[in-house]
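**Q** Take this structure first; my questions come after.
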Amino acid sequence: MATYQGRMLDALGDATRRSVFELLAAGPRSVAEIAADLPVSRPAVSQHLKVLKEARLVSSTPVGTRRVYALDPQGLAAVRGYFDQFWNHALAAFAQAVEQPSEEAP
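Residues in the sequence shown are numbered from 3 upward in steps of one, following my numbering.
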């Protein structure tokens with residue numbers, strides 16, 4: 003499972019790929035629509051989408067002669083679960099620190 007999450011994080015490590023991912027957060031788009039908002043070519047956008055799709059962060063649906071890409075809710079849930087484990091650990095450590103009696107100076 004760590005490899006799967008590692009692929010997701012690696013996929014988001016590239017700034018352009020992250021921009022593609024963020025554009026899709028606003029809603030489904032075609033390659034042409036994504037490329038129109040970025041300073042990269044359509045083939046470059048397609049390559050970034052391929053990596054995001056392999057990492058299961060986006061999915062695609064054929065619509066006529068084009069494909070429409072959207073964020074994959076299952077992939078996002080996996081990423082969130084990965085980060086939640088750190089958040090839960092931090093909250094537990096904070097709760098433990100708060101519950102310990104403080105040592106006051108005499």
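We put the CB at the ideal spot given by N, CA and C, even for glycine.
1) Output yes or no for whether 8 angstroms exceeds the beta carbon distance between Ser43 and Arg68.
2) Does the distance from the C-beta atom of Ser61 to that of Lys55 stay below 8 angstroms?
3) For His91, does the count of other Cβ atoms within 10 angstroms reach 16, so buried, or fall short, so exposed?
4) Under the assumption that Ala27 contacts Leu59 (Cβ atoms under 8 angstroms), give the Cβ distance between them as a whole number of angstroms.
5) Under three-state DSSP, which class holds Leu73?
**A** This is what the structure gives:
1) Not closer than 8 angstroms, so no.
2) With respect to the 8 angstroms criterion, Ser61 and Lys55 are classified as neighbours on the basis of their beta carbons.
3) exposed
4) Their Cβ separation, rounded to whole angstroms, is 11 angstroms, which puts Ala27 and Leu59 out of contact at 8 angstroms.
5) strand
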